[in-house]
Amino acid sequence: HLHIPLQSGDNKILNLMNRPYNTSIFSKKISLIKEVIPDIAITTDIMVGFPNEDSNSFSKTINFVRKIGFAKIHVFQYSNRKECLAALLPNKVDNRVKKERSKRLQNLSKELFYNFQKKFLNSIAEILVEDEIKDKEGRIYSRGITGNYIKVIIPDFIGKKGEIVSVKLNQISSKYIISSV
Numbered sequence: 001h002l003h004i005p006l007q008s009g010d011n012k013i014l015n016l017m018n019r020p021y022n023t024s025i026f027s028k029k030i031s032l033i034k035e036v037i038p039d040i041a042i043t044t045d046i047m048v049g050f051p052n053e054d055s056n057s058f059s060k061t062i063n064f065v066r067k068i069g070f071a072k073i074h075v076f077q078y079s080n081r082k083e084c085l086a087a088l089l090p091n092k093v094d095n096r097v098k099k100e101r102s103k104r105l106q107n108l109s110k111e112l113f114y115n116f117q118k119k120f121l122n123s124i125a126e127i128l129v130e131d132e133i134k135d136k137e138g139r140i141y142s143r144g145i146t147g148n149y150i151k152v153i154i155p156d157f158i159g160k161k162g163e164i165v166s167v168k169l170n171q172i173s174s175k176y177i178i179s180s181v
């Protein structure tokens, strides 16, 4: 799993943020990583509502995020801070618009993560057992994570914390992939 902050999928906004890259450079780097590690989970940060982000800029971000195919997006809203140069920029984005854009990206993140997990269904994966949990009926499950950021539960199995276990990834639930040993 790699977390690589993008911030925006629009070159105009990246330039205003003084980022040392553009979408072309970013895309090439991600392609190289995926070439070497095809099953890697790449997550990112996206800031919505940076000054001068209009609907066209936001659409470019949505399209770029889809093109890259991140496993997950961490979304946050721009907030004005006096000590930052961005505070001096014109064309601030309305809070209502920032909230709506955040919601759209959060929904996209859920869709992308579901699609990422789906690629691994019915395959064997090694997980690191993190702990155990109980459900409402009192059944105990081991909980762990794969090397590519997929959270897994294993019903009817008690693993030791820190143990590496091979599991079959069977079914996507709301928070986990349900697996079996």
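Position 25, counted from 1, in the sequence shown is what full-length UniProt numbering calls 25; the numbers after and before it change by one each time, with no gaps. Cβ coordinates follow ideal geometry from the N, Cα and C atoms, glycine included.
Which two residues bound the contiguous beta strand (DSSP E) that contains residue i?
{"i": "residue 145", "result": "140-146"}
{"i": "residue 160", "result": "No beta strand (DSSP E) contains residue 160, which DSSP labels as neither H nor E."}
Give me the residue from the options with the minimum Cα distance to residue i.
{"i": "residue 148", "options": "118, 67 and 92", "result": "118"}
{"i": "residue 181", "options": "65, 91, 153 and 103", "result": "153"}
{"i": "residue 94", "options": "158, 162, 53 and 46", "result": "53"}
{"i": "residue 84", "options": "17, 155, 167 and 10", "result": "17"}
{"i": "residue 97", "options": "47, 69 and 86", "result": "47"}
{"i": "residue 92", "options": "50, 178 and 175", "result": "50"}
{"i": "residue 137", "options": "155, 7, 167 and 129", "result": "155"}
{"i": "residue 150", "options": "31, 20 and 177", "result": "177"}
{"i": "residue 77", "options": "70, 69, 45 and 24", "result": "45"}
{"i": "residue 130", "options": "107, 109 and 162", "result": "162"}
{"i": "residue 62", "options": "4, 116, 42 and 106", "result": "106"}
{"i": "residue 1", "options": "171, 164, 175 and 146", "result": "146"}
Just the C-alpha distance for residue i and residue j, rounded to the nearest angstrom, thanks.
{"i": "residue 126", "j": "residue 56", "result": "42 Å"}
{"i": "residue 65", "j": "residue 37", "result": "19 Å"}
{"i": "residue 35", "j": "residue 28", "result": "10 Å"}
{"i": "residue 89", "j": "residue 100", "result": "22 Å"}
{"i": "residue 124", "j": "residue 72", "result": "22 Å"}
Contact defined as beta carbons within less than 8 Å: I believe residue i pairs with residue j. What is the distance between those atoms, to the nearest angstrom?
{"i": "residue 113", "j": "residue 169", "result": "Actually they do not touch by this definition, with Cβ atoms about 14 Å apart."}
{"i": "residue 60", "j": "residue 135", "result": "At roughly 43 Å, the Cβ-Cβ gap does not stay under 8 Å, so residue 60 and residue 135 are not in contact."}
{"i": "residue 159", "j": "residue 173", "result": "Their Cβ separation, rounded to whole angstroms, is 19 Å, which puts residue 159 and residue 173 out of contact at 8 Å."}
So residue i is in the alpha helix (DSSP H); what residue range does that whole segment cover?
{"i": "residue 181", "result": "Segment: none, residue 181 is in no alpha helix (DSSP H) and carries neither H nor E."}
{"i": "residue 65", "result": "55-68"}
{"i": "residue 117", "result": "95-118"}
{"i": "residue 35", "result": "23-36"}
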